[in-house]
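Order-wise, the sequence lines are chains A and B.
For the first sequence, the numbering used here begins at 30 and goes up steadily by one.
For the second sequence, the numbering used here begins at -17 and goes up steadily by one.
Notes to accompany the following structure.
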Amino acid sequence: MIDAITSFIEDKRGAKTKCITSMGAALMEEVGRLGRSGMFLCQTLLHSLTPPIKGERVLRQTWFIGWKSMLVIALTGIFTGMVVALQAFPTLRRVGSEALLGPLVSLSLIRELGPVLTALMVTGRAGSAIVAEIGIMRTSEQIDALALMGLNPLRYVVVPNVLASLLALPVLTVVFDVIGILGGYLVGVRLLGLSGGTYFGEMSTHVEMKDILGGIYKALAFGLLIGWVCCYKGYHSRFGAEGVSAATTQAVVDTSVLILVCDYFVTAAVF
Amino acid sequence: MIRVDDLWKSFGSQEVLRGVSFEVPPGEFVALIGGSGGGKSLLLKLLVRLLKPDHGRIWVCGKEVAASSRKELESLRSRIGFVFQGGALFDSMTVYDNVAFPLREKTSLGEKDIRRKVTEELELVGLRDAEHKVPAQLSGGMIKRVALARALARDPEIVLFDEPTTGLDPVVSRAVLDLFSAVHRRLRLTGILVSHEIPRIFEIVQKVAMLHEGRIVAVESPGRFCASPDPVIQQFVNGKASARSCLKEELV
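Written out as structure tokens, the structure reads:
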């Protein structure tokens, strides 16, 4: 009987130890992964700041991330502006402040919706393509081929994407904001009867340079996040179609969540 | 030219290379054979430090690879051409740009000299007319030939071929091996050819090295290799390896 109890206790202890060991291993793995991604970012930034910069590739990727996202950003922007105006106008009218529709639409877009939605759309459209492209380069040994030619794959593949993302995001955000404000104008002025002078006049009174710069800072932070996470996931994707597909999904999810987390901290720091 | 001494490499608990040692003298073309998944491609990647060994030393052109600084490694790699299994061509570039790429990026040659060199290399592999095509428009054999042209563009002293005939039909495969042989004879390169094309490769190499269970079990001239009484070698040469041993190698 005593033997049975002792063995039961030992079994329990063993299971507990195993559980703690596996949790510890998982934690260490996660810490290691974070460390590697941090190192990846540091190396990328270092290469971004030191010559030679692959200017042609930066331009090509800026065109891909920026120009090719323009339509989707314009469409998202106009409908976001329209829906904000449509939702806000009745409430403002109830409290007799419909003149504040312009500031409300513009501040919502410039400070918050513009940078965040632009970043989320770019993640879905261009970020996923970046992960897939780099992942395929990895699995088809093109990255190894670059290394064997004496070229730094980070400098050649990653840096142009990160710089392009940093350049494109602020521009796309401004486009989103402007088109969104026009969307608000269409609904507020053309559809709901507010005067155009009031819409734009109140806007110039309430919107400050700090708001615009805050939005741009956010766009820059999100641009860096998109470039970093998407390139990292592609660069370290597992072999085969399944590996690239998993890396793409994970990159889009991780980047989207990080954008929202980062949004809070940048908002707290800037505004 | 290439010397490997007691090389070990594991992935987790799986030991792939367990004390590999061999030597390739200058100008010699060596075939590296062995079961699938036995670590042949891994060995090539260790030679150029695309991966780091767990233990052991490698000397290439008199330099110890593991002890080389980044600059030294870069200079060492410029003396080595590597033909990857799938070609590893940059799919956004044309054939011409793929071959010109290492010259544009790593030499001070002008565009005129680059054109002359690229044309020369493409003529050598018989693909002068395909220079405007992109890799997606090429057949498997053509991809391997472009990969060879790119590997030769910087006049390497050593060329490493990683299963260059995998996935090719016997006719194209033979043509590709003939081309490699002709290039080797003409340029007097030192080379390691990983291949399963037995006995075809015996006609084009000076030595055959066999990797078995993580070790080099023989380095012999093709004639002596084929005449070896070693049952492992005989099984491999005659394609009579038991199903059990084949499956074991595949699992490794």
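Quick reminder that beta carbons are idealized off the backbone N, C-alpha and C, glycines included.
- The count of Cβ pairs closer than 8 Å, one atom from the stretch 74 to 84 of chain B and one from the stretch 144 to 164 of chain B, stays below three, leaving the stretches out of contact.
- Contact check between the stretch 258 to 268 of chain A and the stretch 216 to 225 of chain A: fewer than three CB pairs, one atom from each, fall below 8 Å, which does not count as touching.
- Taking MET(-17)/B as reference, the option from GLY(-6)/B, PHE(-7)/B, PHE4/B with the minimal CA-CA separation is PHE4/B.
- For GLU170/A, the chain B residues whose Cβ falls inside 8 Å of its Cβ are PHE66, GLN67, GLY68, ALA70, in order along the chain.
- Contact note: LYS88/B reaches chain A through MET178, GLY179, LEU180, using a C-beta cutoff of 9 Å and chain order.
- Within 10 angstroms of the beta-carbon of GLY263/A lie 16 or more other beta-carbons, which makes it buried.
- Taking C-beta atoms as the reference points, TYR78/B and VAL100/B count as a pair closer than 8 Å.
- Listed in chain order, the non-local C-beta contacts of LEU149/A below 8 Å within the same chain comprise SER285, ILE288, local neighbours out to five positions each way being set aside.
- By the CB criterion at 8 Å, VAL30/B and ARG59/B fall inside the cutoff.
- If you draw a straight line from the Cα of PRO189/A to the Cα of ILE140/B, it comes to about 32 Å.
- ALA117/A and PRO132/A have their alpha carbons spaced roughly 11 Å apart.
- Pairing VAL128/B with LEU109/B gives a Cβ-Cβ distance under 8 Å.
- For the pair of segments examined, the stretch 179 to 187 of chain B was found to touch the stretch 195 to 208 of chain B: the number of CB pairs separated by less than 8 Å reaches three.
- For PHE300/A, no alpha helix (DSSP H) encloses it, and the DSSP letter there is neither H nor E.
- Under DSSP, VAL281/A shares a beta bridge with no residue.
- For ARG197/B, no chain A residue has a Cβ inside 7 Å of its Cβ, as the nearest lies near 25 Å away.
- Using beta-carbon distances, VAL30/B counts as an interface residue toward chain A, with a partner under 8 Å.
- Among the residues of chain A, none has a CB under 9 Å from the CB of SER50/B; the nearest is roughly 12 Å distant.
- Not one beta carbon of chain A lies nearer than 8 Å to the beta carbon of PRO7/B.
- With a cut-off of 8 Å on Cβ pairs, the stretch 110 to 127 of chain A is not in contact with the stretch 167 to 176 of chain A, counting fewer than three such pairs.
- Along the stretch 183 to 217 of chain A, the positions whose C-beta sits under 9 Å from a C-beta of chain B are TYR185, read in chain order.
- The bridge partners DSSP lists for ARG(-15)/B are GLU5/B, TRP41/B.
- Look at the beta carbons and you see the stretch 225 to 241 of chain A touching the stretch 134 to 144 of chain A: at least three pairs across the two are nearer than 8 Å.
- In summary, ARG132/B is buried, with 16 or more beta-carbon neighbours lying within 10 Å of its beta-carbon over all protein chains present.
- Neighbours of ARG39/B across chain A, judged by C-beta separation under 7 Å, do not exist; the nearest C-beta is about 20 Å away.
- Along the stretch 215 to 263 of chain A, the alpha helix (DSSP H) occurs as fully enclosed runs of 4 or more residues at 225 to 235, listed in sequence order.
- For ALA54/A, no CB of chain B lies under 8 Å from its own CB, so it is not counted at the interface with that chain.
- Comparing alpha carbon positions, the residue from GLY244/A, TYR185/A, LEU130/A, GLU141/A closest to GLY226/A is LEU130/A.
- Bridge pairing for HIS194/B: ARG197/B [DSSP].
- Pairing ILE165/A with VAL273/A gives a Cβ-Cβ distance under 8 Å.
- Residue environment: PHE218/B is assigned as buried (16 or more neighbouring CB atoms within 10 Å of its CB, all protein chains considered).
- Inter-residue distance for LEU211/A and LEU100/A is about 15 Å (C-alpha atoms, whole angstroms).
- Between LEU130/B and VAL42/B, the beta carbon gap of about 20 Å keeps them out of contact (Cβ cut-off 8 Å).
- When only Cα atoms are considered, LEU138/A and ILE241/A end up about 10 Å apart.
- In the DSSP annotation of this structure, the continuous segment of the beta strand (DSSP E) that includes PHE143/B starts and ends at 140 to 144.
- Distance from the CA atom of GLU46/B to the CA atom of GLY68/B, rounded to whole angstroms, is 28 Å.
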